[in-house]
Every structure is written in structure tokens, then in C-alpha cells.
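Under the working numbering, the first residue of the sequence shown carries the number 639, and numbering increases by one thereafter.
No residue lacks a Cβ here, since even glycine has one placed at the ideal position from N, Cα and C.
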Amino acid sequence: MTARITGIGTYVPDKIVTNDELAKIMETSDEWIVSRTGIHERRISITEGTRELALKAARNALAAAKTEPEELDIIILGTSSPDYHYPSDACYVQGELGAGNAAAFDISAACSGFIFAMNIVRGFFEAGIYKTGLIIGAETLSKVTNWSDRSTSVLFGDGAGAAVLKAGETGIIDMIMGSDGTMGDVLKCPSRTMGNFLTGEKPEAGFMTMDGQAVFKFAVKKIPETIELLLERNHLAKEDITYYVLHQANERIIEAAARRIREPMEKFPMTIGEYGNTSTASIPLLLSHMERQGMLKPGQKIIMSGFGAGMTWGAALVQWV
Ligand code: ACO
């Protein structure tokens, strides 16, 4: 028994912020951002939090999968920008959906969150514990972005994507998950600085910081490594793979990964130009785009691959059904 995707749903805030608009509030330019990242614009939430974006994406996924909320056994929401420490955003979604039979919790695996959530649900299905799950990647990174740091703030966008998973004989063929906590400082966002009556200081909200070049090197090494491992242990050739659905962090990272595994760019669809880096939402946003374009067909084999803070990485070899 494995897991298959039976419906994808997305939601992004209405507000589009172009590179030219960012150039009005910081020293940057459309030319710099496009040439270094491939990003033209991103969505920024004005009033909606991560949980509201997640809820709307979840409703769209349930509608696409023709699944009622009561059928769900489990809801896992991956996010690196939760609205609350607790209750989890997943519990908020569960309550609003009326998915009273589902256990719900958030996971923190940054941009690998969607892949990690998928693998957890697959494990429950394989063990015969659950049959129907909802996984969500949702972010409002704009609230943890330091808008005076031009090297990070131009990269990210807000959005959410969700997928309904059902137990079945075909779907996910194999998955990889990994972490390297020794690289934690490369990309981080402390939720609060320490502060209590003993320190005499007020806790302050933390902002994201990143060593961009270290992330770049890590991603360009890890993506090909995980793809090649999946191919090797499933006795598949690159020709068997129709698409590589990579986390949308940076166009140059995707191009470099494609070069390393010697595969043409046509096999690497992208939405980075339109949404920027939406962290754990980027893979379902891309899958939804591919579905709307009629690119996904039953029988195709695709590899999804995510990487992010932690550092974490994950990949899934899937037969589309
Ligand atoms: N506009 C104009 N100039 C800028 C900007 C900006 N937005 N940001 C940085 N610069 C300047 C720097 O100040 C620096 O100037 P200096 O030479 O005068 O000091 C110069 O551009 C080069 O800066 P670098 O940081 O070396 O630029 P780099 O070529 O490495 O590009 C980038 C930066 C795009 C972040 C790159 O390192 C990268 O793509 N890294 C991957 C990180 C990534 O994609 N992270 C996504 C989040 S992580 C995740 O999703 C897992």
C-alpha cells in the first residue's frame, strides 16, 4: 500500500509585488533580481495569515479530490512561518473544515516540509493505520522577512498549496528524507530572542537570516544526489522520468542541478518567476500549475525534490495516477 495524490489545491494572496516596487523601498533593481534568481514578482499577504492561506488551499484540494472533510484521517501542515506556536495551524484548518475524524499537526522542515509531510502520510498508509490524508504547505514569510535586508527580502513570497492523499496500490514509489543540523546557522529564523524576568529583557521577534552562497552550494549538491539515488535504487534511467518538480528557490539553482544530472530544462517546470520562493508551498503550487497546463498524465513518473533550512532535504519518486 502507498499514497497517491487525488487532488491539488492552492491559494495565493491577491497582492502582487513586482521587483520594481521593491526597488522603491530598497537599493535593488529588476535586472539584479531577475538575473540572480529568475524572480519577477511575488504575492504578499496583507491581512491573511498562514492558517487562512492554508485553509483556502485545503478547501480547493478537497474539492478537486471530491473528498469530504469527515473522510480525512490525518492533516499535516508544513510551514516555517506559523501564525501561532500553538494551537497549530493544522488544528485551525481541521476545526474550520470540520474534519473531526482527523489528527492534525504542523511540522517544521522549512522548504522540505511538503515532501516530509507526504512521507509521513505514506508511512501511515503503508502501516495500514490511515487511508485518507491532507498535506499542506503554507507560508507567510513576509512577516519574518527583514525588509531592510535586500539579500533575503527579494527572494520570498507568500502562498499555500495542499494535496489530498489516498491509500492505493500505485502512487509514491520511493522517498528520501534527510537532515544536517550542523548546518543550522546557514539559514535560520529564531522565533523570539530570550527574555524573561531573570534576563531583564523583553523578548523580540526574530527575522530570517541566510548565507545565500552556502544554501546555493548545498542545494546544487543535494538535489542531484537525491535524484540519482532514487533512480539507482529503483532501477530507473533518467529517460523514465518525465518531470523534475523541484522546490522553487532560485532559477539558477534549478539550472545548475539540471546541468549536473545532464537533463534538459524542459523537464524542470518553474513558477519561481511568478511567485518567488514560497518555501514549503512551492512544490504544490508548481504541481497545480502543471495540472492546469495539462502537463501531468497518468503513468508518468516524476521526481519531486525539496531542500531547506535545517538543513533538510527530501525527494519523492511518484507514478502519476
Ligand atoms: N539587489 C542588489 N544587490 C544586491 C541584492 C539585491 N537584492 N542582494 C545582494 N546584493 C549585492 C550584495 O550586497 C553584494 O554586493 P557587494 O559585492 O557590493 O558586497 C552583491 O550583490 C553580491 O552579493 P552575493 O550575496 O554574493 O550575491 P549572490 O550572487 O550570491 O546572489 C543570492 C545572492 C541570489 C541570494 C544567491 O546567493 C542565491 O541564490 N543563493 C541561494 C539561496 C536561495 O535561493 N535561498 C532561498 C531560500 S533557501 C531555501 O529555499 C531552501
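Paired residues, beta bridge with N915 - DSSP: F794
Do N888 and ligand 2 come close, with the Cβ less than 7 Å from some heavy atom? The model depicted lacks ligand 2 and carries ligand 1 instead.
Below 8 Å between beta carbons: does that hold for G775 and I921? yes
Can you check which of these residues, G911, E893, V731 and T656, is closest to A699 by C-alpha distance? V731
Between which two residues does the beta strand (DSSP E) harbouring S943 extend? K939 to G946
CB of N784 to nearest heavy atom of ligand 1: below 7 Å? no
Per DSSP, which residues does W951 bridge with? Please list them. G816 and F945
Beta carbon proximity, L660 to chain D, threshold 8 Å: The chain labelled as chain D is not found in the depicted structure, where only one protein chain is given.
Of the listed residues L715, G806, G833 and F906, nearest to T644 (C-alpha basis): G806
Classify T642 as helix, strand or coil using the three-state DSSP reduction. For clarity, residue 642 is Arg in the given sequence; the question names Thr instead. Three-state DSSP puts R642 in a strand.
Using only CA atoms, which one of Y913, T918 and G937 lies nearest to H927? Y913
Let me check understanding here. Comparing Cα to Cα, which of I745, T918, V650 and T837 lies closest to P725? I745
Does the distance from the CB of I811 to the CB of L955 come in under 8 Å? yes
Expected contact under 8 Å - CB spacing of T778 and L691 to nearest Å: 7 Å
Which residues does DSSP list as the beta-bridge partners of Y633? The structure shown does not extend to residue 633, since the chain is modelled only from 639 to 959, so the question has no answer here.
At a cut-off of 7 Å, is C749 close to ligand 1 when judged by its beta-carbon and the heavy atoms of the ligand? yes
Cβ of K769 within 8 Å of Cβ of R642? no
DSSP three-state label for A737, please. coil
Where G751 sits in the DSSP three-state scheme: Helix.
Can at least three beta-carbon pairs, one atom from the region 822-833 and one from the region 757-764, be found at a separation below 8 Å? no
What span of residues does the beta strand (DSSP E) with A776 cover, start to end? Taken as a continuous stretch (DSSP letters only), the beta strand (DSSP E) holding A776 covers T770 to E777.
For D721, the nearest candidate out of A747, A798 and G687 (CA to CA): G687
Touch test, the region 829-847 against the region 887-894, Cβ-Cβ under 8 Å, three pairs minimum: no
Span separating the alpha-carbon of A742 from that of R900: 40 Å
So G850 is in the beta strand (DSSP E); what residue range does that whole segment cover? Element bounds for G850: not the beta strand (DSSP E) but the alpha helix (DSSP H), G850 to R871.
When you compare the CB positions of L710 and D727, do they come within less than 8 Å of one another, or not? no
Would you say the beta carbon of T831 comes nearer than 7 Å to a heavy atom of ligand 1? no
Minimum C-alpha distance to L884 - residue among L874, E904 and N872: E904
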